[in-house]
Amino acid sequence: MTETTSIHPVILCGGSGTRLWPLSRTAYPKQLLALVEESTLLQATAQRCASLQGAGIAAAAPILVSNEEHRFLVRQQLQAIGCTPAATYLEPQGRNTAPAIALAALHLAHGDSSTPANPQAVMLVLPADHVVRDCVAFAGAVARALPAAHAGWLVTFGIVPSGPETGYGYIQTGTPLTQFTGVQQVQRFVEKPDSATAQRFIDTGGFCWNSGMFMFTAERYLQELQTHRPDILDAATAAWQQRSQDQDFCRPQAQSFIACPSDSIDYAVMQPTTRAAVVPVDMGWSDVGSWDSLWAISDRDAQGNAVRGDVYHHSTRNSYLRSESRLLAVIGMEGVVVVETADAVLVMRKDQAQSIKQASEYFAQHQRKEQIEHRRVHRPWGWYEGVDAGERFQVKRIMVEPGAQLSLQMHHHRAEHWIVVSGTAKVTIDGQATLLSENQSTYIPLGKTHRLENPGKLPLHLIEVQSGSYLGEDDIVRFEDSYGR
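Take the sequence shown: its position 329, counting from 1, is numbered 329 in the UniProt record's numbering, and each next residue is one higher.
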């Protein structure tokens with residue numbers, strides 16, 4: 001199907017994915033992880049949108065709505081696949097999906113310096129943390145939804161259920177919209193059911209899983225918000241009108257956006273509207289909401305094990321086994337999840353996957369850093385990784401991308417030694433610049449203004465040894481920063 005009007009993908013990438021701990025962390029959530037293929041979930045979502053062109057559907061560059069904390073990671077991952085967003089909005093605080101989608105709708109309906117106003121722009125709203133295995137079926141569903149969206153319907157995509165799943169909400173399909181192929185009215189939305197209710201839905205038929213994917217025009221969405229949740233629309237509009245541009249990012253005015261009521265599109269718009277429609281589709285979809293759901297969509301061996309990384313297993317069946325940093329051996333187990341990272345290990349029965357939420361809440365209450373970030377911490381210039389630490393010292397590995405530089409900074413409580421492992425380092429201390437190559441080192445005394453830069457074409461790797469009375473990451477006074485931090 002060919003349309004002269006482009007679809008505008010809107011990718012929501014502000015989720016946390018706490019049920020996939022220890023792989024998913026607050027600072028590195030599941031949409032930024034490569035869980036089932038080489039691409040991350042975010043990259044796969046952007047690639048899926050681009051693939052619509054091959055199905056004869058015109059698709060514009062995506063609009064992203066992201067958590068401010070993840071902005072550089074999001075940009076880096078999209079740059080790696082050659083995707084340049086039409087706009088990237090940064091939420092100062094997550095307010096759920098209804099306000100996030102409102103920002104994109106306002107962007108399209110009213111335009112900005114780079115985008116002409118187009119109230120009839122068709123939005124294809126996609127969470128960044130879902131898996132879709134059948135892109136042909138996905139494109140077919142988008143093509144079926146498009147005429148209904150043009151006609152003013154708010155279309156959701158209902159997943160044809162493969163069984164009585166209790167982890168998803170359901171959509172009961174209603175009367176077919178005969179003027180559109182494969183589109184039905186929504187009779188009702190149903191919250192996540194218990195197992196008996198879910199089984200009844202499967203036995204009865206006429207129910208789909210709620211995918212959280214939508215299509216509608218910008219104008220229709222804003223009209224529905226005005227009708228059903230004018231408080232959300234007013235707050236989102238105020239935040240959008242007072243937005244500011246920061247490098248590649250668009251920042252809604254923080255105070256107005258934080259004051260916006262937090263609500264999902266399901267509750268705010270889709271349930272109260274009289275114009276909800278659904279396109280049922282079987283496209284190999286999963287929201288990858290837990291370890292057992294990840295096991296279910298992963299490739300498995302003859303014993304039913306999904307295995308990733310350096311893993312030895314024996315007499316083990318129907319399990320998810322993943323190693324990120326070292327040899328993992330699992331023997332004589334059945335129906336378990338074992339996930340190893342550099343700083344944490346998870347071992348649990350697969351049928352207890354939903355209990356991860358309680359563990360995450362416990363870690364957050366006790367301020368465990370393992371809940372927040374991995375040992376390797378990503379920065380806009382590269383990454384650093386803790387190697388060793390003790391009383392008054394800390395050792396890190398640092399990688400700086402070609403052409404990147406750290407901020408011009410100073411520390412009150414620590415001195416630093418830098419040893420170049422590979423690449424070329426430009427080190428500036430109190431205004432004096434020096435080039436260092438492999439096996440060369442330098443010393444930065446406490447209180448000295450300094451900056452590290454990679455002027456080469458290859459990644460710069462070095463070892464940093466810190467010594468001093470306080471070694472926290474907050475002992476940084478920045479004077480200049482290329483990344484606006």
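Heads up, the beta-carbon is just placed ideally off N, CA and C, and yes, glycines get one too.
Original post:
Hey, would you say residue 139 sits closer than 8 Å to residue 45, going by beta carbons?
Top reply: In this structure, residue 139 sits away from residue 45, with a CB-CB distance that is not shorter than 8 Å.
Subject >> Cβ pair residue 149, residue 215 closer than 8 Å >> reply: yes
**OP:** Please confirm if the region 59 to 70 is in contact with the region 88 to 106, defined as three or more CB-CB distances below 8 Å between the two stretches.
**Re:** yes
Original post:
Skipping 5 residues on each side, what residues in its chain have a beta carbon closer than 7 Å to that of residue 482?
Top reply: Counting only Cβ-Cβ distances below 7 Å, and skipping sequence neighbours, we find 405.
**OP:** Please classify residue 331: is it buried, with 16 or more other beta-carbons within 10 angstroms of its beta-carbon, or exposed?
**Re:** exposed
Subject >> residue 105 versus residue 84 - alpha carbon distance >> reply: 19 Å
Subject >> Beta-carbon gap between residue 88 and residue 64 smaller than 8 Å >> reply: yes
Original post:
In chain order, what residues of the same chain lie with their CB nearer than 6 Å to the CB of residue 322, ignoring the 5 residues before and after it?
Top reply: Cβ within range, chain order: 308, 309, 339.
**OP:** Given a cut-off of 8 Å, decide if residue 319 and residue 337 are closer than it, judged by their beta-carbon atoms.
**Re:** yes
Original post:
Going by C-alpha distance, which of 416, 297, 75, 411 is nearest residue 131?
Top reply: 297
Original post:
Comparing the CB of residue 454 with every heavy atom of the ligand NAP, is any distance shorter than 7 Å?
Top reply: You won't find the ligand NAP in this model; it holds no ligand whatsoever.
Original post:
Which residues bound the alpha helix (DSSP H) around residue 290?
Top reply: Careful: residue 290 lies outside any alpha helix (DSSP H) and carries neither H nor E.
Original post:
residue 352 to residue 221, Cα distance in whole Å?
Top reply: 38 Å
**OP:** Keeping to the same chain, check which residues put their C-beta closer than 6 Å to that of residue 212; ignore five residues upstream and five downstream.
**Re:** 127
Original post:
Short check: CB of residue 485 to CB of residue 407, under 8 Å?
Top reply: yes
**OP:** Answer with buried or exposed for residue 176, where buried requires no fewer than 16 other C-beta atoms within 10 angstroms of its C-beta.
**Re:** Flag for residue 176 reads exposed.
Original post:
What span of residues does the alpha helix (DSSP H) with residue 230 cover, start to end?
Top reply: 230 to 241
Original post:
Who are the Cβ neighbours of residue 268 in its own chain at under 8 Å, not counting the five residues just before and after it?
Top reply: 98, 225, 228, 229, 232
**OP:** Could you pull out every residue in the same chain whose Cβ sits closer than 6 Å to the Cβ of residue 20, ignoring the five residues on either side in sequence?
**Re:** 30
Original post:
Looking only at its own chain, which residues have a Cβ that is under 8 Å from the Cβ of residue 80, when we skip the five neighbours before and after it?
Top reply: 43
Subject >> Contact under 8 Å by Cβ, residue 356 with residue 18 >> reply: yes
**OP:** Sort 206, 392, 476, 166 by Cα distance to residue 193 and report the nearest one.
**Re:** Out of 206, 392, 476, 166, 166 has the C-alpha closest to the C-alpha of residue 193.
**OP:** Leaving out five residues on either side along the sequence, give the residues of the same chain with a beta carbon under 7 Å from the beta carbon of residue 419.
**Re:** 441, 462, 463
Subject >> CB contact flag (residue 195, residue 164, <8 Å) >> reply: yes
Subject >> Cα-Cα separation between residue 255 and residue 333, rounded to whole angstroms >> reply: 52 Å
**OP:** Would you check if the region 469 to 482 and the region 418 to 432 touch, i.e. whether three or more CB-CB distances between them fall below 8 Å?
**Re:** no
Subject >> Assigned secondary structure, residue 345 (DSSP; H/G/I helix, E/B strand, else coil) >> reply: strand
**OP:** Compute the beta-carbon to beta-carbon distance between residue 414 and residue 446, rounded to the nearest angstrom, for a pair I have assumed lies under 8 Å.
**Re:** About 6 Å separates the beta carbon of residue 414 from that of residue 446, a gap short enough to meet the 8 Å contact definition.
Original post:
Does the Cβ of residue 390 have 16 or more other Cβ atoms within 10 Å, making it buried, or fewer, making it exposed?
Top reply: exposed
Original post:
Using 8 Å as the threshold, is the region 387 to 403 in touch with the region 447 to 460, meaning 3 or more CB pairs across them?
Top reply: A contact exists between the region 387 to 403 and the region 447 to 460.
Original post:
So, is residue 136 buried or exposed, given that buried needs 16 or more other C-beta atoms within 10 angstroms?
Top reply: exposed
Subject >> Per-residue DSSP class, three states only, for residue 142 >> reply: helix
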